[in-house]
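Student:
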Amino acid sequence: NAGVTQTPKFRVLKTGQSMTLLCAQDMNHEYMYWYRQDPGMGLRLIHYSVGEGTTAKGEVPDGYNVSRLKKQNFLLGLESAAPSQTSVYFCASMGSTDTQYFGPGTRLTVL
Amino acid sequence: GEDVEQSLFLSVREGDSSVINCTYTDSSSTYLYWYKQEPGAGLQLLTYIFSNMDMKQDQRLTVLLNKKDKHLSLRIADTQTGDSAIYFCAEMDSNYQLIWGAGTKLIIKP
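Chains as they are written, first to last, in the working numbering: chain P, 1 to 111; chain Y, 112 to 221.
(1) Could you please give me the residues that DSSP links to Gln166 of chain Y through a beta bridge?
(2) Note down, in chain order, each residue of its chain lying with its Cβ closer than 7 Å to the Cβ of Asp189 of chain Y, except the 5 sequence neighbours on either side.
(3) On the three-state DSSP scale, how would you describe Gly40 of chain P?
(4) For the beta strand (DSSP E) containing Asn28 of chain P, list its first residue and its last residue.
(5) Taking Cβ to Cβ, would you say Val12 of chain P is nearer than 8 Å to Thr106 of chain P?
(6) Check the Cβ of Thr99 of chain P against every Cβ in chain Y and list those closer than 7 Å, keeping chain order.
(7) Would you say Ala69 of chain P faces chain Y, with C-beta separation under 8 Å as the test?
(8) For Val123 of chain Y and Glu202 of chain Y, which I take to be in contact (beta-carbon distance under 8 Å), what is that distance rounded to the nearest angstrom?
(9) Spell out a yes or no on whether the region 24-39 of chain P and the region 84-91 of chain P are touching, meaning 3 or more CB-CB pairs, one atom from each, closer than 8 Å.
(10) Return the Cβ separation of Thr134 of chain Y and Lys181 of chain Y in integer angstroms, given the expectation that the two are a contact with Cβ distance under 8 Å.
(11) Check the Cβ-Cβ distances between Met203 of chain Y and every residue of chain P, and say whether any is below 8 Å.
(12) Verify the CB distance criterion: does Ala213 of chain Y have a CB-CB separation below 8 Å to chain P?
(13) Using a cut-off of 9 Å between C-beta atoms, extract the partners of Tyr198 of chain Y located in chain P.
(14) If we define contact as Cβ-Cβ less than 8 Å, is Gly103 of chain P a contact residue for chain Y?
(15) Go ahead and pull the three-state DSSP assignment for Gln208 of chain Y.
(16) Can you list the residues of chain Y that Phe90 of chain P reaches, using a CB-CB cut of under 9 Å?
(17) When we look at the beta-carbon of Val130 of chain Y and count the other beta-carbons within 10 Å, is it buried (16 or more) or exposed?
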């Protein structure tokens, strides 16, 4: 039981490049979330999903897209990366216990 | 909108108790959480409390909830160097979303 995993752990992009971050969970959780964490700030919700095939915008959705084609996977896409998207990205999932479990994070730098 | 506030830093001596405080604004919160983040790591759930409880104890951790004042605290007894981390308070709103504080960095002095 791996819990929540994220791929990749680190990535450096040039401005304008695109990439996809993958989050996978093996706990059969319905809810999944993508957050970004910036120094001195709490986590900010980018997008979330309440079940397979559904997605919704969070607090800071601009510049990101998501997909939840399979229940266990939640993908976060950056179509045209900008330096303001340099951050640490965390994925989380939640089941019936109303507790969110987090992945280890992806550290993204956009030059 | 909903907001969660925490002090940014707390410094305590090893062996003393640490008390990390948090205030929130959403009176309809169902659950309130404490997460721990060590340097370079993800967030680890420490404990949580349901909104109809006043207190929850788990080994060295004690959570107190004052719903009237919308105040949550986390007490760590006998603070050790391994407790050095950033502690995040979060509340769950009616849409099952977490509203996060900015985190309190706990610094342990020898």
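Ideal placement from N, C-alpha and C gives every residue a C-beta, glycine not left out.
Tutor: Reading from the atomic positions:
(1) First, the residue type needs correcting, since residue 166 of chain Y is Met and not Gln in the sequence shown. Y:Leu175.
(2) Correct list, in chain order: Gly126 and Arg171.
(3) coil
(4) Taken as a continuous stretch (DSSP letters only), Asn28 of chain P belongs to no beta strand (DSSP E), as it is neither H nor E.
(5) no
(6) Leu156 and Tyr159
(7) This sequence places Leu at residue 69 of chain P; Ala is not what is there. So, not an interface residue.
(8) Contact flag wrong, Cβ pair sits at about 25 Å.
(9) Note that the region 24-39 of chain P touches the region 84-91 of chain P; at least 3 beta-carbon pairs, one per stretch, sit closer than 8 Å.
(10) Contact flag correct, Cβ pair sits at about 6 Å.
(11) Yes, because at least one Cβ of chain P sits closer than 8 Å to the Cβ of Met203 of chain Y.
(12) It does; some Cβ of chain P falls within 8 Å.
(13) The contacting residues do not exist; Tyr198 of chain Y stays about 11 Å from chain P at best.
(14) yes
(15) Correct three-state label for Gln208 of chain Y: coil.
(16) Gly153 and Leu154
(17) The residue is exposed, with fewer than 16 neighbouring Cβ atoms inside 10 Å.
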